[in-house]
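Okay, so here's the structure we're looking at.
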Amino acid sequence: MKFKILFVVLLTAGAVYYIYPPKEKINLGLDLQGGIHMVLQVEMKDAMKAELDNSKSNLERILKDEKVDVKQVKANPEQLKIMVTGVSEDKVEKTEKIFDDYMSRFNVSDDGAGDYTLSFKGAEVKEIRKQAMRQALITIHNRVDAYGVSEPIIQRQGLESNRIVVELPGLDDPTRVKKSLSEPGWLEWRLLAAPNSFKSKEDILAANNGKIPDGTAIFPSEPSANGGIVWYLVKDRVELNGNDIKTARRSSDQFGSPTVAFTLNQAGVSKFSRVTTEHRGERLAIILDKKVVSAPSINEPINTPNAQITGHFTIDESEDLAIKLRSGALPAKMTFLEERTVGPSLGRDSIRKGVRSTMMGLIIVMGFMLFYYKAAGINADLALILNMLYLLGGMAYFHATLTLPGIAGFILTIGMAVDANVLIFERIKEELRNGKTPKSAIDAGFAKAMSAVLDGNITTLIAALFLFQYGTGPVKGFAVTLSLGIVASLFTAIYVSRWFFDLRLAVSPNIKKLSI
Amino acid sequence: MKKGFNIFGARKIAVTISLLVMAASIAIVATMGLKRGVQFVGGSEIQVKFKEPVDISDLRTAFKKNGFAHASIMQITGENEFIIKLKGKAGDETAKGSKISQRISVIFQEASKEQKTSLFDLNKTNPTDLAYLMKKDNPLKIDANKMIGENRTVYDDIAEKIVQARSDRGDFFNSMDDALATVTQPEVKAFLTKSCTLGNYIKMKEDTFSPSISSEQTEKAILAIVMALGAILVYISIRFKFDFAVGAVLALVHDVTISLGMFVLFKQEFTLPVVAAFLTIVGYSLNDTIVVFDRIRENLKIVKTVPLEQVINSSIIQTLSRTLLTSLTTLFVVVVIFLFGGLALKGFSFPLLVGIIVGTYSSIFIASPVYYFVEEHFYKEK
C-alpha cells in the first residue's frame, strides 16, 4: 500500500516536472504554431545525368591525353549510356586498357567495329543515388541554416525514398527560402564562343548558318532589371565550377552595387590563373543554373584567390547567391510534391478552440461520472485528471509533437479514458447486486472486468499503430496522442482508481454500503 | 440465468435493416462519389480572412477575371473567411504553384482594397519574421556582445506580444496605435511606425499537393484501414475464437460502410484527418463488441446446458448498461469537438459521431448474430 502511494506520487511529480512550464515543454506542430511543411523530391535522373556527363568529359580528356583518336564520344542521358565510336584497330587494346583503368564504374560492351557502349554498373547506380540524397540533405541543411530559421526539421522520408521532408516553424512566407531550395546552385565558368550577346536564339543560328558549331551551346542570361533576356553562345568546356570555391559572401563594388565576393581554393586558383592567362581578351561567362549571370572580359591574368561576381543583383539576391555558393550545389533539381503553410493566426485560433473544447469535454464527462456513480465518480474523476497529466507528461518526455488532430485525440481520450472505469464500476455494481460485500465486490469487479478492458484498449491501440505507420505530420500526432492516452488510461483506471477504493476501505474497513 | 427482454430474438429484423442501410450506403457512395480533399486529388487550398466584409460573388468574379475559372470558393459561415480550392491538373507541380500563389495574393489585395507597398505588414506577420526585422535594424541599439540574458530575447518578446495582441483582437489591427499598444520602448515604436503597414487580408493557410503524391495517398489510406482490420481479426482470433473474430470484423465493416455512406450523404470532404477518424472508428467501435463477447465467453464457461441463443441474449442484456454508457461518454466529447472544435476538426468528428452510434448498435445487433451464425453452421459438432 505504502509502495503504491509512493509510486503514484512519484509518477505524478515526474509528469508535472516534465510538463512545467507547458509553453516550453510541449512541442507544437506546424499546424498549431504556424510554419511551412514541404516534401521535396530529388530528381534522380538529373543526378545520374550530371554524373554521366562528368564521366564522359573525363573519358574524352583521357583519350585525348593518351592520343587515342575516336570518331565520337557521345552520352545518351535517356539510357544512361556513353557511346564511343570509331576506335581505330591499332588503338583497340589501348582503349580497352583505358576503360579498365579509368572507367571501372561502367560495364563495357564491345559492339564490334571499334564501337563500345558503357553503362553504369548496378552498384554504381545505387551509390550515386545514395550520394545524391546525402548531398541534397547536407545542402538543404546549409541553406536553411543560412537563413536563420530556428529548429528546422530536415529528414529523408523513409529509408529508401528520394524524398526529403523540410519543416520550417514560424515562417509563413518563405519565398526566399523556397526559391533557394528549388534552385540547385550549379555554378560554372565557361568561355564565350562568340564575343557578343544576341537578341534571340534565332540570331545565333542565323550568325552560324543555321547550325551552332560543335562543342558549343546556347544559354540565356538572367533577366535584367526590366525583365529583358539576351542569349550567348558558350563553349561546352567548363573551366571552373562551384567546387572550386572555398567561400563566398555578399559584398559591393566600388560604385556600391551589390556583388558576390568569393575565395577560390587551391585547385580553383590554378585553373583560374591558367584560363585567364591563355584566353586574355576573351569573355568568361559565369553561369548559374544554366543562366548567364555575367560575362566579363579577361583583362589580365588573375593569380589571386579573391574575386567578385557582378550582375544585376539586389542586395537580397546577392546574399541568396552567396548562400548558394557557400552551401554547395544540390545534386539535382528539386520538385515540390507537397507544401503546407499555416499562418500564425490559424494556429492560435486552433489552440484557443482546442483548450476550450478540452475544458468543456472534461466538465461534461466529469459531471456525468459524478452524477451517475456518486462517490465512486470522484475516483473516476481523479483518475481522469491524473490520466491527462500523465498523457501530457508522456508527450513531453517522448518529445512528441502536439498537432491539431492531436488535440482532437486528447479530447477523445477524455471520453475514452473513463470507459475502463465504467466497465469496472458496472461490474462492481453487478457483484453488489449479487449480494457480495463492498470489499469482495470491488475485488471481483476489477478482476472480472480486466479482460474486456484490456482487449478493448489493445484493439484501439492496434488501429492507432497502423495510423501512425500511415500518417504524416498532423495525423501522426493524433496517433501518438491517442496511443499515449490509451496507455495512461489503462494505468489510471486499473491501478490508480483501484488504489482510491483501497484507500476508502482502509479508512472504514467494514463499510456496509458502497456509493457507486 | 435471468430471463429478460429477448433482444437477440430481434436479430433477423435488425440484420435485415442493417443490410438495407449498408446497401443504401454503398449506393450513395457509388452514385454521389467521395468528395476527396486536395491531398487526394492534387491542387491547392487556400483559406483567407478579410478585415472588412467581402462579397463572395465579387471574389468569384475576380478569380474568373484572373484566369482561375475553375476555382471553387466557399465562405465560412458567419465569418469574413473564404476557402478557395484549385484542383490540380496532371503535370502541375507546386514549383509553378508558388507563382499561382503570388497571383492569388494580388487578387486578395485588390478584393480587400489593400494598398500596394513595400512596407512590412504587421497584420500578416508571424513573430519570427517580426523579430528578425527588429533584430536587423536593432532600434534599441543593443550591443551584439550584450545580447545575453534578458537582452537576448527582447525583440522576440516584443514580436510575440504584438502577434498575441493581434490574435486577441480577432486577427487584425485597425490602427498602428492598437498594434503598438503593448510596446513600451519609444525607439521600437518609432521604428515600427516608420517601417510597418497594416494589411487588409491574411492567408490563414495554404496547402498545395502535387497530383503525383496524391494518388499515392489514396492507396496508402485504403491499405492502412484494410491492414488494421486484418490485424484486429488476428488479435480477436487469438484472444477469443475465430468465430468471434468474424462477428467482430463484420460488425466493423458494417460500421465503416454506414459511416462512409453518411459521410458522403452529408457532402463531407475526405481529408487526411478523416482517414484518422475512420481508423479510430475501427479501433473504438470494437470496444463494445468485446465487452459483449467477453461476457458470452465467461457465461459459456459457467453454464453448459443452456442453449447458445439464450446465453447470447442474457450476455447482451447483462452488459447493455456498460455498452451504452461507454459510448455515451465518448459521444459527449465528440459532440463537443464537432460543435466547438473549429472548422478543421468538424470534418474529423463527423464520421466519429456516426461511427460511435452505429458501432454501439452493431455490437448489440450485428456482431453477436454473426458469431451465432458462424458457430451454429461451422463449429457445432453434434
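From first to last, the protein sequence lines stand for chains A and B.
Residue 5 is where the first sequence starts when you use the working numbering, and the numbers rise one by one after that.
Residue 57 is where the second sequence starts when you use the working numbering, and the numbers rise one by one after that.
All residues carry an ideal CB built from backbone N, CA and C; glycine is no exception.
Contact set between F404 (chain B) and chain A, taken where Cβ atoms lie within less than 7 Å: In the second sequence, residue 404 (chain B) corresponds to position 348, counting from 1. Residues of chain A passing the Cβ test: P409 and A412.
Where M190 (chain B) meets chain A, residues with beta-carbon distance less than 9 Å: Position 134 of the second sequence, counted from the start, is the residue given in the question as residue 190 (chain B). Think of a sphere of 9 Å around the beta carbon of M190 (chain B): no beta carbon from chain A falls inside it, the nearest being about 14 Å out.
Interface partners of E262 (chain B) on chain A, CB under 7 Å: Residue 262 (chain B) sits at position 206 when you count from the first residue of the second sequence. Under the 7 Å cutoff, chain A gives T345.
Opening and closing residue of the alpha helix (DSSP H) in which I23 (chain A) lies: Along the first sequence, read from residue 1 onward, the residue named residue 23 (chain A) stands at position 19. Taken as a continuous stretch (DSSP letters only), the alpha helix (DSSP H) holding I23 (chain A) covers K6 to I23.
Alpha helix (DSSP H) runs wholly inside the region 80-107 of chain A, at least 4 long, in chain order: Within the region 80-107 of chain A, the complete alpha helix (DSSP H) runs of at least 4 residues are 96-106.
Proximity of V234 (chain A) and M137 (chain A) at Cβ, strictly below 8 Å: For this step, residue 234 (chain A) is matched to residue 230 along the first sequence. For this step, residue 137 (chain A) is matched to residue 133 along the first sequence. For V234 (chain A) and M137 (chain A), no; Cβs fall outside 8 Å.
Exposed unless 16 or more other CB atoms sit within 10 angstroms - verdict on K261 (chain B): In the second sequence, counting from the first residue as 1, residue 261 (chain B) sits at position 205. Counting C-beta atoms within 10 angstroms of its own C-beta, K261 (chain B) has 16 or more neighbours from the protein chains shown and is therefore classed as buried.
Proximity test, Cβ basis, 8 Å: Y291 (chain B) and chain A: Indexing the second sequence from 1 puts residue 291 (chain B) at position 235. Among the CB atoms of chain A, one or more fall inside 8 Å of the CB of Y291 (chain B).
Cut-off 6 Å between Cβ atoms - residues of its own chain near L32 (chain A), not counting five sequence neighbours on either side: Start at 1 with the first residue of the first sequence, and residue 32 (chain A) comes out as number 28. Here the set comprises L406.
Contact the region 336-345 of chain A vs the region 306-326 of chain A: 3+ CB pairs below 8 Å: Not touching, per the Cβ criterion.
DSSP beta-bridge partners of M193 (chain A): Here residue 193 (chain A) corresponds to residue number 189 of the first sequence, with the count starting at 1. Reading the sequence as shown, one finds Trp at residue 193 (chain A) and not Met. Beta-bridge partners of W193 (chain A) (DSSP): A:L244 and A:I290.
Delimiting residues of the alpha helix (DSSP H) encompassing N343 (chain B): Here residue 343 (chain B) is taken as the residue at index 287 of the second sequence, counted from 1. Unbroken alpha helix (DSSP H) run through N343 (chain B): L328 to I358.
Which of helix, strand or coil DSSP assigns to I515 (chain A): Your numbering for residue 515 (chain A) matches position 511 in the first sequence. The DSSP-derived three-state label of I515 (chain A) is coil.
Limits of the unbroken beta strand (DSSP E) element including G39 (chain A): Mapped onto the first sequence, residue 39 (chain A) falls at position 35. Segment G39 to V46, the beta strand (DSSP E) holding G39 (chain A).
Cα-Cα separation, I490 (chain A) to Y22 (chain A): Reading the first sequence from its first residue, position 486 is the one you call residue 490 (chain A). Reading the first sequence from its first residue, position 18 is the one you call residue 22 (chain A). Within the model, the alpha-carbon separation for I490 (chain A) versus Y22 (chain A) is close to 19 Å.
T361 (chain B) at chain A interface by Cβ criterion, 8 Å: On the second sequence, position 305 is the one that residue 361 (chain B) refers to. Contact of T361 (chain B) with chain A is not assigned, every C-beta pair being separated by 8 Å or more.
Interface partners of M318 (chain B) on chain A, CB under 8 Å: Residue 318 (chain B) sits at position 262 when you count from the first residue of the second sequence. Per Cβ cutoff of 8 Å: no residues; M318 (chain B) is ~19 Å from chain A at best.
Residue-level contact to chain B via CB, E342 (chain A), 8 Å cutoff: Taking the first residue of the first sequence as position 1, residue 342 (chain A) is located at position 338. Interface residue, yes.
Short CB-CB distance (under 8 Å) between F229 (chain B) and chain A: Locating residue 229 (chain B) in the second sequence gives position 173, counting from the first residue. So, not an interface residue.
Segment contact, 8 Å Cβ cut-off, at least three pairs: the region 407-416 of chain A with the region 388-402 of chain B: Taking 8 Å as the limit for Cβ pairs, the verdict is that the region 388-402 of chain B does touch the region 407-416 of chain A.
Cβ shell of S251 (chain B) (< 8 Å), same chain only, five flanking positions each side left out: Here residue 251 (chain B) corresponds to residue number 195 of the second sequence, with the count starting at 1. For S251 (chain B), where only same-chain residues beyond five positions count, the Cβ hits under 8 Å are L175, F176, L189 and D193.
Separation of A187 (chain B) from Y211 (chain B), as counted between CA atoms: Here residue 211 (chain B) is taken as the residue at index 155 of the second sequence, counted from 1. Here residue 187 (chain B) is taken as the residue at index 131 of the second sequence, counted from 1. For Y211 (chain B) and A187 (chain B), the distance between alpha carbons rounds to 5 Å.
Candidates B:K91, B:K105, B:F164 and B:S113: closest to K143 (chain B) by CA position: On the second sequence, position 87 is the one that residue 143 (chain B) refers to. Minimum Cα-Cα distance from K143 (chain B) among the listed residues B:K91, B:K105, B:F164 and B:S113 corresponds to B:K91.
Contact with chain A by L409 (chain B), beta-carbon distance below 8 Å: The count along the second sequence starts at 1 and reaches residue 409 (chain B) at position 353. Chain A, which has no Cβ nearer than 8 Å to the Cβ of L409 (chain B), makes this no.
Contacts that A468 (chain A) makes with chain B (C-beta to C-beta distance below 7 Å): Here residue 468 (chain A) corresponds to residue number 464 of the first sequence, with the count starting at 1. For A468 (chain A), the chain B residues whose Cβ falls inside 7 Å of its Cβ are G339, in order along the chain.
CA-to-CA distance, A271 (chain A) to E243 (chain A), given in whole angstroms: The count along the first sequence starts at 1 and reaches residue 243 (chain A) at position 239. The count along the first sequence starts at 1 and reaches residue 271 (chain A) at position 267. If you draw a straight line from the Cα of E243 (chain A) to the Cα of A271 (chain A), it comes to about 11 Å.
Sub-8 Å separation of A387 (chain A) and S501 (chain A) beta-carbons: Translated into positions along the first sequence, residue 387 (chain A) becomes position 383. Translated into positions along the first sequence, residue 501 (chain A) becomes position 497. Cβ atoms of A387 (chain A) and S501 (chain A): closer than 8 Å.
Contact under 8 Å by Cβ, K84 (chain A) with V74 (chain A): Taking the first sequence and counting its residues from 1, the one referred to as residue 84 (chain A) is at position 80. Taking the first sequence and counting its residues from 1, the one referred to as residue 74 (chain A) is at position 70. Just to set this straight, residue 84 (chain A) is Leu in the shown sequence, not Lys. Not in contact: L84 (chain A) and V74 (chain A) (Cβ atoms no closer than 8 Å).
Proximal residues to P513 (chain A) (C-beta, below 6 Å), its chain only, five neighbours per side dropped: Your numbering for residue 513 (chain A) matches position 509 in the first sequence. Excluding sequence neighbours, P513 (chain A) sits near nothing in its chain.
Segment limits, beta strand (DSSP E) that includes A252 (chain A): Locating residue 252 (chain A) in the first sequence gives position 248, counting from the first residue. Counting along the chain, the beta strand (DSSP E) containing A252 (chain A) begins and ends at I249 to S256.
Where I216 (chain A) sits in the DSSP three-state scheme: Reading the first sequence from its first residue, position 212 is the one you call residue 216 (chain A). In this structure, I216 (chain A) counts as coil in the three-state DSSP scheme.
C-beta contact flag for A221 (chain B) and A246 (chain B) at 8 Å: Reading the second sequence from its first residue, position 165 is the one you call residue 221 (chain B). Reading the second sequence from its first residue, position 190 is the one you call residue 246 (chain B). Between A221 (chain B) and A246 (chain B), the C-beta spacing is not below 8 Å.
Straight-line gap, K438 (chain B) to E432 (chain B) (C-alpha atoms, nearest Å): Mapped onto the second sequence, residue 438 (chain B) falls at position 382. Mapped onto the second sequence, residue 432 (chain B) falls at position 376. Any reading at K438 (chain B) must be qualified, since the residue scores a pLDDT of 45, below 50, and its modelled position is unreliable; the value itself is stated next. Distance between the alpha carbons of K438 (chain B) and E432 (chain B): 10 Å.
CA nearest to the CA of S231 (chain B), picked from B:F322, B:T240 and B:I218: Here residue 231 (chain B) refers to the residue found at position 175 when the second sequence is read from its first residue. If we check each option's Cα against that of S231 (chain B), B:I218 comes out closest.
C-alpha gap between L56 (chain A) and V129 (chain A), whole angstroms: Within the first sequence, residue 56 (chain A) is the residue found at index 52, counting from 1. Within the first sequence, residue 129 (chain A) is the residue found at index 125, counting from 1. Rounded to the nearest whole angstrom, the CA to CA distance from L56 (chain A) to V129 (chain A) is 11 Å.
Straight-line Cα distance separating K180 (chain B) from E304 (chain A): Reading the first sequence from its first residue, position 300 is the one you call residue 304 (chain A). Reading the second sequence from its first residue, position 124 is the one you call residue 180 (chain B). Cα atoms of E304 (chain A) and K180 (chain B): separation of roughly 51 Å, rounded to the nearest angstrom.
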